[in-house]
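Each protein sequence line maps, in turn, to chains A and B. Here the first sequence is numbered in the working numbering, starting from 1 and rising by one per residue. Here the second sequence is numbered in the working numbering, starting from 56 and rising by one per residue.
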Amino acid sequence: MNVLLLLIIASLLVAIGFLITFLWAVKSGQFEDTHTPAFRILLDGNGKSVDKNKE
Amino acid sequence: MSVPVSATKEKKVCYHCGLDCNSTKISVGEKIFCCNGCKMVFELLAANDLGQYYDLNKTPGTTPPPEGTTEKFGYLDDASFQQQLLHLSDGKRATVVLYIPNLHCSACIWLLESLYKMEPGILRSRVNFLRKTVSITFDQEQLSLRKVVERLASIGYEPRISPEDIQPEKDRKSRRGLYLKIGIAGFGFANIMLFSLPEYFAGPGKIPPEFTRFFGILNILLALPVFFYSSWDYFRSAWYSLKSRSVNMDVPIAMGIITLFSRSIFEIVTRHGPGWLDSFSGLVFLLLLGKLFQEKTYQTLSFERDYKSYFPVSVIRVSGEKEKSVPLSRLRIGDRILIRNNEIVPADSVLIRGKGRIDYSFVTGESETVTKVSGDLIFAGGRQEGSAIELEVVRDVSQSYLTQLWNSDAFKKQGGAGITSLANQISKYFTAIVIIIASLAGLYWLFVNPEHALNAFTAVLIIACPCALALATPFTLGNVLRIFGRNRLFMKNSTAVEQLSRVDTILLDKTGTLTDTKKINVTFIPAPDKQPLSRDELCLIKTVVRHSTHPHSRRIYASIEPAVYDGILKRFEEFPGKGIEAEVSGHTLRIGSAGFVKGEGNEPIDPGSAVYIAIDGELKGHFRLNIQYRKGYTRLLKRLGERYKLLLVSGDNDRGKKILEPFFAGEGAMFFNQTPFDKLKLVESLQRSGRRVMMVGDGLNDAGALKQSDIGITISEDVNSFFPACDGILDAGSFSLLPRFLQCSSYGMRIIRVSFVISFLYNAIGLGFAVQGILSPLISAILMPLSSISVVVFTTVSTNLIAGKLGLKGYYGFKTNNS
Numbered sequence: 001m002n003v004l005l006l007l008i009i010a011s012l013l014v015a016i017g018f019l020i021t022f023l024w025a026v027k028s029g030q031f032e033d034t035h036t037p038a039f040r041i042l043l044d045g046n047g048k049s050v051d052k053n054k055e
Numbered sequence: 056m057s058v059p060v061s062a063t064k065e066k067k068v069c070y071h072c073g074l075d076c077n078s079t080k081i082s083v084g085e086k087i088f089c090c091n092g093c094k095m096v097f098e099l100l101a102a103n104d105l106g107q108y109y110d111l112n113k114t115p116g117t118t119p120p121p122e123g124t125t126e127k128f129g130y131l132d133d134a135s136f137q138q139q140l141l142h143l144s145d146g147k148r149a150t151v152v153l154y155i156p157n158l159h160c161s162a163c164i165w166l167l168e169s170l171y172k173m174e175p176g177i178l179r180s181r182v183n184f185l186r187k188t189v190s191i192t193f194d195q196e197q198l199s200l201r202k203v204v205e206r207l208a209s210i211g212y213e214p215r216i217s218p219e220d221i222q223p224e225k226d227r228k229s230r231r232g233l234y235l236k237i238g239i240a241g242f243g244f245a246n247i248m249l250f251s252l253p254e255y256f257a258g259p260g261k262i263p264p265e266f267t268r269f270f271g272i273l274n275i276l277l278a279l280p281v282f283f284y285s286s287w288d289y290f291r292s293a294w295y296s297l298k299s300r301s302v303n304m305d306v307p308i309a310m311g312i313i314t315l316f317s318r319s320i321f322e323i324v325t326r327h328g329p330g331w332l333d334s335f336s337g338l339v340f341l342l343l344l345g346k347l348f349q350e351k352t353y354q355t356l357s358f359e360r361d362y363k364s365y366f367p368v369s370v371i372r373v374s375g376e377k378e379k380s381v382p383l384s385r386l387r388i389g390d391r392i393l394i395r396n397n398e399i400v401p402a403d404s405v406l407i408r409g410k411g412r413i414d415y416s417f418v419t420g421e422s423e424t425v426t427k428v429s430g431d432l433i434f435a436g437g438r439q440e441g442s443a444i445e446l447e448v449v450r451d452v453s454q455s456y457l458t459q460l461w462n463s464d465a466f467k468k469q470g471g472a473g474i475t476s477l478a479n480q481i482s483k484y485f486t487a488i489v490i491i492i493a494s495l496a497g498l499y500w501l502f503v504n505p506e507h508a509l510n511a512f513t514a515v516l517i518i519a520c521p522c523a524l525a526l527a528t529p530f531t532l533g534n535v536l537r538i539f540g541r542n543r544l545f546m547k548n549s550t551a552v553e554q555l556s557r558v559d560t561i562l563l564d565k566t567g568t569l570t571d572t573k574k575i576n577v578t579f580i581p582a583p584d585k586q587p588l589s590r591d592e593l594c595l596i597k598t599v600v601r602h603s604t605h606p607h608s609r610r611i612y613a614s615i616e617p618a619v620y621d622g623i624l625k626r627f628e629e630f631p632g633k634g635i636e637a638e639v640s641g642h643t644l645r646i647g648s649a650g651f652v653k654g655e656g657n658e659p660i661d662p663g664s665a666v667y668i669a670i671d672g673e674l675k676g677h678f679r680l681n682i683q684y685r686k687g688y689t690r691l692l693k694r695l696g697e698r699y700k701l702l703l704v705s706g707d708n709d710r711g712k713k714i715l716e717p718f719f720a721g722e723g724a725m726f727f728n729q730t731p732f733d734k735l736k737l738v739e740s741l742q743r744s745g746r747r748v749m750m751v752g753d754g755l756n757d758a759g760a761l762k763q764s765d766i767g768i769t770i771s772e773d774v775n776s777f778f779p780a781c782d783g784i785l786d787a788g789s790f791s792l793l794p795r796f797l798q799c800s801s802y803g804m805r806i807i808r809v810s811f812v813i814s815f816l817y818n819a820i821g822l823g824f825a826v827q828g829i830l831s832p833l834i835s836a837i838l839m840p841l842s843s844i845s846v847v848v849f850t851t852v853s854t855n856l857i858a859g860k861l862g863l864k865g866y867y868g869f870k871t872n873n874s
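What follows is the structure in structure tokens.
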């Protein structure tokens, strides 16, 4: 039965990983504009409109 | 009045902006353009290898402003102004968020995000489509803010700059916090549920004790952040409410949450049982979801605008021969300023040079323009129509006539205060009853079996936690809010929807609200025994009125078929207040008032709204310019009049009295020549006599009344343009739906009441278990979510059914049965 304890902890850790990803996504502002990215993905040749001067 | 023109074989539209352009000859290759501006943008984009713009969408562009207007961005060089707009990351880079009203399609996004190809100084640009903003990061050594804005203007995306418009920071932060709270609560809920299931399925005592212990500890660890972080707002709100000696909905919620949590911890630690932590975290999770659902915000709309955002941010100051654009805050008494056609006078000033024709309709409600000559005082807020005028400022912007309105008390009181929502009204009694039942159950067991006493007492508090009750309001009002939004009534928040349902008196403004200021009905009425105008005659008239800036001339100009005005103008003379005399292609035309055209002594039949025409001394008839009421206004007024007390309050004279009289019953239901202050006072006096007032208006002249009223609705032709602070913005196209919105809101309140009954029923079942002291975690784990979900399903389905019944577009795409 001890292996069950180990598995439960492992699964919880994975879940915590997802939680942290979610928290990061919120903090980085990904939930602020959920509309524009839907257009952006269809505009080809423009995958990176980011900083061409930035190294 | 229009002349039928032979149907064009093929509709030709501008390659850039999509406007009809039959008569222009501007083209590049096979592509035609309506104006040089559009052609320039096309060439500019082509030269920068950005032609893809036109593949993404057909005719995606907007006509850029005519050349030579760049001077107006001069104020952007002002350092203090830049400070307000720019976010500096370091010395070199600056980021600016600009509001672009013209942003409308995917091609716009593409072009604006490709700006760096065109302008090397631009490092990055990012569009937020819903907010209609673009965030541009640029190199300050290569570019200035002014250059960036001018570049945007040159390709037809002129930003509207107003520091007030771009301050969404706070709102964004609180939304982020809510997402985080929901994330944590959801995470806790799912995992605690998982660890509680073995106990439920196996039954008590069947699981090895070390596992029960292990799950218990994990559950506590998971529940801690849910208690201390996710549910914190409820504790705070309940605490504030108790402190101010009232009981809002959050009090019984906080009571339930705290009891649930502490009793669960106690049971787990003392090994009495598995606790209710799954119910606890599920409860918090659902409550927070309800909160998120309720907070439907319209990102591009701001409901708190005051006169400042109606005013321009800059004005052209004239000193000697030099013209310089300066920020409004730099304007001083004695400054000479230049106001061009369609610009707004920002401060009370005296006219120095030029012909003033001031449109005050937005400020005072007067529908006719006022003619001013040099030496006359012009109040702030008026819009100049016609040629440029020069003014001398006599009062500071903050001291002007219009601004005084904002010093009134109505603008100082906090919005939202004094409104007790239905849920909060109920919660007072609800909390009292719950505590009484809990105490009675506790006392009973104290005598019968003291071991059960605390158990029963807490069980009652837990099961009576008004989760379903608390969800009924946000979900119903959130749904109604969304249904309104789909039908183009944008409410500030869900409290406003509840307010809407309580209205019993409706005040309507006339100019711009019942009437459509943009549309004036122009009809030609031939003089007795005369024929209607021929095509050639129309051509002559159009050629003449083209050269006049009088609003009547423009309306006549606009009403005549676009293609005809190629007469040759020889002489043109305008007599202010009278009319025009002109010679075109060998004919003499007199256009203007009856007295002017027919000779002195003739009484005008139709003062102010008739323009007479004489060609070569022969009277042809007159154009009648009728104020146009909004479509469906008779039905609307009739329907509103059946259920509400209707009042008309207008800043205009009583011109429309005859037409409107049948709808406003009784003495003293119609008020004319009202100043903004009068309107505000009227609302106040109605409220003092116990009426709940809704004000429907459009302009700054209604701003005081909109703010003072229990609910203020602004009508706007273009919801992205300026409107005064209010609780809701109604798109002019949905004007006739107003009675349905009102009905929908009161149905919404009825739905909330029914949901309350449903949740009380669940509570009664739960209480049955609780008072007996046999409420097990399993029962509560089933009962609590079940009651919440049934309330959510009920409210969602019923609001949409009602929307369909009322002929409003439903939120979930339910088809409506009414046009």
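Note that the Cβ used here is the ideal one computed from N, Cα and C, for glycine as well.
- Taking the Cα positions, B:S603 is about 19 Å away from B:N576.
- Within the stretch 627 to 653 of chain B, the alpha helix (DSSP H) runs of at least 4 residues that lie entirely inside it are, in chain order, 649 to 653.
- Contact of B:W165 with chain A is assigned, a C-beta pair being separated by under 8 Å.
- DSSP places B:D194 in the strand class (E or B) of the three-state scheme.
- Around the C-beta of A:V14, fewer than 16 other C-beta atoms lie within 10 Å, and the residue is accordingly described as exposed.
- In the three-state DSSP reduction, B:D709 falls in the helix class (H, G or I).
- For the set B:L563, B:F512, B:I615, B:V639, the Cα lying nearest the Cα of B:R685 is the one of B:L563.
- The beta carbon of A:L23 falls within 8 Å of a beta carbon belonging to chain B, placing the residue at that interface.
- At the C-beta level, B:G271 and B:I323 come within 8 Å of one another.
- Distances from the CA of B:G243 to each of B:E254, B:R215, B:Y284, B:P264 were compared; the closest alpha carbon is that of B:Y284.
- Bounds of the alpha helix (DSSP H) holding B:V204 are 200 to 209.
- Taking 3 residues as the shortest admissible run, the stretch 120 to 179 of chain B contains the following complete beta strand (DSSP E) segments, listed from N- to C-terminal end: 141 to 143, 148 to 154.
- The beta carbon of B:T188 sits closer than 6 Å to the beta carbons of V152, Y154 from its chain, once the five residues preceding and following it are set aside; these are given in chain order.
- For a cut-off of 8 Å, the C-beta gap from B:L838 to B:I820 is around 7 Å, short enough to register as a contact.
- Excluding residues up to 5 positions away in sequence, L386, A435, V448, R450, D451, V452, S455 lie with their Cβ nearer than 7 Å to the Cβ of B:A402 in the same chain.
- The C-alpha of B:S169 lies about 18 Å from the C-alpha of A:H35.
- Minimum Cα-Cα distance from B:L593 among the listed residues B:H677, B:R372, B:R537 corresponds to B:H677.
- When secondary structure is reduced to three states using DSSP, B:E616 falls in the coil class, being assigned neither helix nor strand.
- The criterion of a C-beta distance shorter than 8 Å is satisfied by B:E772 and B:A787.
- The contact set of B:G238 on chain A, defined by CB atoms closer than 8 Å, consists of L19, F22, L23, V26 in chain order.
- One Cα belongs to B:K261, the other to B:L252, and the distance between them is close to 12 Å.
- Not a single C-beta of chain A is nearer than 8 Å to the C-beta of B:F136.
- About 5 Å separates the Cβ atoms of B:A527 and B:V846, confirming a contact at the 8 Å cut-off.
- The bridge partners DSSP lists for B:S404 are B:I433, B:V448.
- Closest by C-alpha distance to B:E616, out of B:G696, B:R590, B:L185, is B:R590.
- Note that the C-beta distance between B:E638 and B:K625 is below 8 Å.
- DSSP, reduced to helix, strand and coil, places B:E739 within a helical segment of the structure shown.
- Excluding the 5 residues flanking it on each side, B:K700 has same chain C-beta neighbours closer than 6 Å at T560, in chain order.
- At a cut-off of 8 Å between beta-carbon atoms, B:S705 makes no contact with chain A.
- DSSP places B:Y699 in the coil class of the three-state scheme, outside both helix and strand.
- By the Cβ rule, the stretch 522 to 536 of chain B counts as touching the stretch 808 to 827 of chain B, because three or more pairs are nearer than 8 Å.
- Listed along chain A, the residues sitting closer than 9 Å to B:R231 by beta-carbon distance are V26, K27, G29, F31, E32.
- DSSP lists B:L644, B:E673 as the beta-bridge partner residues of B:I670.
- Of the residues B:L100, B:N397, B:L158, the one whose Cα lies closest to the Cα of B:E174 is B:L100.
- Taking C-beta atoms as the reference points, B:L347 and B:I237 count as a pair closer than 8 Å.
- Apart from the 5 residues on each side of it in sequence, B:L830 sits with its Cβ closer than 8 Å to the Cβ of A514, I517, I518, G821, F824 in its chain, given in chain order.
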